[in-house]
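Right, one structure below, let's go through it.
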Amino acid sequence: MPGRIEEMERFEHILKVLAEEGFGSALDRMDLMHHVPVARKMSTRQKKPGPERLRETFEELGPAFIKFGQIMSERPDLIPEKYTEELEKLEDSAPKVDYEEIEKIVGDEIGLEKFDRFENEPIASASIAQVHKAVLDGKEVAVKVRRPDIQERMDEDLRIIRYLATKADKQLDIGGNMLKKEAEEFARWTRDELDFEKEARNLERFQKNLEDEEKIFVPDVYTDISTRKVLVMEYVDALKCDNTEAMQDLDVDQKEIARTGLRSFLKQLLRDGFIHVDPHPSNFMVKDTGELVYLDFGMMADISPSMQKDIGMLMIHTYNEDVDRFMNTITAMSTVEEDADLESLRKEVERMVIDLRDAKLEETSISTSLMHIAKTAADKGVYLPTRFVLIGKGLVTMEGIGLKIYPDFEFNDEYQRIVEEQLAENTANPSEISKSLAFNLVENKDLVTDLPGKLNRALEQAGKPDRVKVESQTPDLVVPSLIVGSAIVLSSSMKNRMAVGLGILGLGYASLLYMKER
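Numbering-wise, my numbering puts 640 at position 485 of the sequence shown, and it's gapless, one number per residue.
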């Protein structure tokens, strides 16, 4: 394959399709139209709306573009809403692979003889893999088989998508190189999704993270026989979560299932830092036991501790109607252009918190509000990280799934309660202390990170108050933060003598500082 993108036959074919579908003006602005033969430069579908033509174009161009379109449907901050709504209609389905090819892949990778039975007809067929039901050691399993030659085709298209995104950023005035970043993130996820050994590790990690959730079911995976091309996992007999009619016949607590879905996503985000970033309805099922089943662990994302804290505090600032802190947090985590209109963004944030105050879920929720702010911020020259927007979209999707299961569920109340619990737990697992104190500690923890050193110095000077000095100007929050931190340690670790001692010392040092400041 030629090294230069411009010399690839596949690249020229993609440009021809784009031109025929009516995107010639965009190609011209990106200085790519000269690659298209004159005979192909006129659109044959100009009568159709642009969003519909783009969706059909992605469908025609195949798996990589379908998946990229699905990801872009989650970025209303980058492309107009009429396009994101149309791209949501993209379905990751594909014609089934002949059984002879499936048989060869499974045979080469792990051996068909290992299975007691292997069904010829697939139970699902998507762009990357096909799933067959089988029996292994007397147990029903689902066998996910990677499509033949998909790795090479996807690699080629991912290179082209990155190239086109880079050109679009430069020529279409999209700030912050956001399309390029989006394409690079998408490429990483897609390459991970092609590696079923990684998906098996993701599944095991996810299962362990949520083992404390009794109403979450994550199927077991057979890592001993799974490979990069074949994944063997427990078969789950359950209802698709959007099968609302059949759901009514189940003797389950539908409200609790909805609550479990939201709580599990927020735990992934705020506690575990490892989230399922492909939460569309087909990846969720409900068992007759009332358990919510997670499926498909190819697209997962690690969330940094700083982003965990930032997103959690954005939610808290929203509920507290603290616009100043909201603005400080959102600008700190974003790419902010020199001419960004922060004052206009601030006004939009003020409107958001007012709208949320008495809003009903059908009108707005915390997740839809944050997605709206992400879109508005981009319009004002403030570009939030890709993962922030995907998280927001994931929350919106979980709300939609929850409402399908239990239409009367009040998510806004649940958000505040669960977020408060998770932030407080992350801080120091307080059991009896007011959650709001823990939030102050979360935001101001840098002020007390050197507590042990300060305590040691204070102890050395104990009994010598004339030598107790505070050499730097102490912020007003140090004393209350020390008190909060020490109280949390004491309340959560009463059986640990070292922790109790540290808590007492912290309170003592806070007293010394207070007396000095007086």
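Just so you know, even glycine gets a beta-carbon here, dropped at the ideal spot from N, CA and C.
Check	Outcome
Report the rounded CA-to-CA distance for D457 versus R542, giving the unit in angstroms.	9 Å
Find the nearest neighbour of G453 within the set D563, A281, D271, G536, judged by alpha-carbon distance.	A281
Less than 8 Å between the C-beta atoms of I412 and I546, yes or no?	no
Out of V286, Y570, V448, point me to the one whose CA is closest to F361's CA.	V448
In or out: S520 buried (at least 16 other Cβ within 10 Å) or exposed?	buried
Three or more C-beta pairs closer than 8 Å, one from the region 337-353 and one from the region 299-316: is that the case here?	yes
Rounded to whole angstroms, what is the Cα-Cα separation between S141 and L558?	No answer is possible for residue 141: the residues shown for the chain start at 156 and end at 673.
Using only the alpha-carbon positions, how far apart do I234 and L386 sit?	35 Å
If you draw a straight line from the C-alpha of T473 to the C-alpha of M482, how long is it?	10 Å
Quick check: what's the CA-CA separation for V261 versus I305?	15 Å
Please classify L319: is it buried, with 16 or more other beta-carbons within 10 angstroms of its beta-carbon, or exposed?	buried
DSSP state of K370, grouped into three classes?	coil
E311 bridges to which residues according to DSSP?	Answer is none; E311 lacks a bridge partner.
Can you tell me which of the three DSSP states Q403 falls into?	coil
Can the beta-carbon of A533 be found closer than 8 Å to that of D232?	yes
Taking R346 as part of the alpha helix (DSSP H), name the residues at either end of that continuous run.	333-348
Any idea if N122 is buried or exposed, counting beta-carbon neighbours within 10 angstroms, 16 or more meaning buried?	For residue 122 there is no data in the structure shown, the boundaries of the chain being 156 and 673.
Looking at K502: is its Cβ nearer than 8 Å to the Cβ of S437?	no
Is the Cβ-Cβ distance between S489 and Y561 less than 8 Å?	no
Run through the region 242-323 for me and flag every whole alpha helix (DSSP H) of 4 or more residues, listed as ranges in chain order.	254-264
I'd like to know whether the C-beta atoms of V574 and L421 end up nearer to each other than 8 Å.	yes
How about the region 279-295 and the region 213-222: do they share at least three Cβ pairs that are nearer than 8 Å?	yes
May I have the straight-line CA-CA distance separating D406 from E276, to the nearest angstrom?	32 Å
What is the rounded straight-line gap between the Cα of E565 and the Cα of L417?	11 Å
For Q423, does the count of other Cβ atoms within 10 angstroms reach 16, so buried, or fall short, so exposed?	buried
So the candidates are E256, E214, L578, E229; which of them puts its Cα closest to the Cα of S248?	E214
Taking the runs of the alpha helix (DSSP H) that are 4 residues or longer, which of them lie wholly in the region 199-223?	205-216
Would you kindly work out how many angstroms separate the C-alpha atoms of D427 and M455, rounded to a whole number?	12 Å
Relative to the C-alpha of M679, which residue among V491, Q403, K322, T239 is closest?	Absent from the model: residue 679. The displayed extent of the chain is 156 to 673, so no value can be given.
If you drop the 5 nearest sequence neighbours on each side, which residues of the same chain put their C-beta closer than 7 Å to that of E368?	T415, S419
With a threshold of 16 other CB atoms inside 10 Å of the CB of D292, please say whether the residue is buried or exposed.	exposed
Does the Cβ-Cβ distance between Y570 and M470 come in under 8 Å?	yes
I'd like the span of the beta strand (DSSP E) that includes D131, first residue to last.	A query on residue 131 cannot be resolved here, the shown segment of the chain reaching from 156 to 673 and no further.
Taking the continuous beta strand (DSSP E) assigned at F439, which residues delimit it?	439-441
Classify E389 as helix, strand or coil using the three-state DSSP reduction.	strand
Which residues in the same chain as K650 place their Cβ atom closer than 7 Å to its Cβ, once the five residues preceding and following it in sequence are excluded?	Bear in mind that a pLDDT of 44 at K650, under 50, signals an unreliable position, so the number given afterwards is only what the model happens to contain. So no residue of the chain qualifies.
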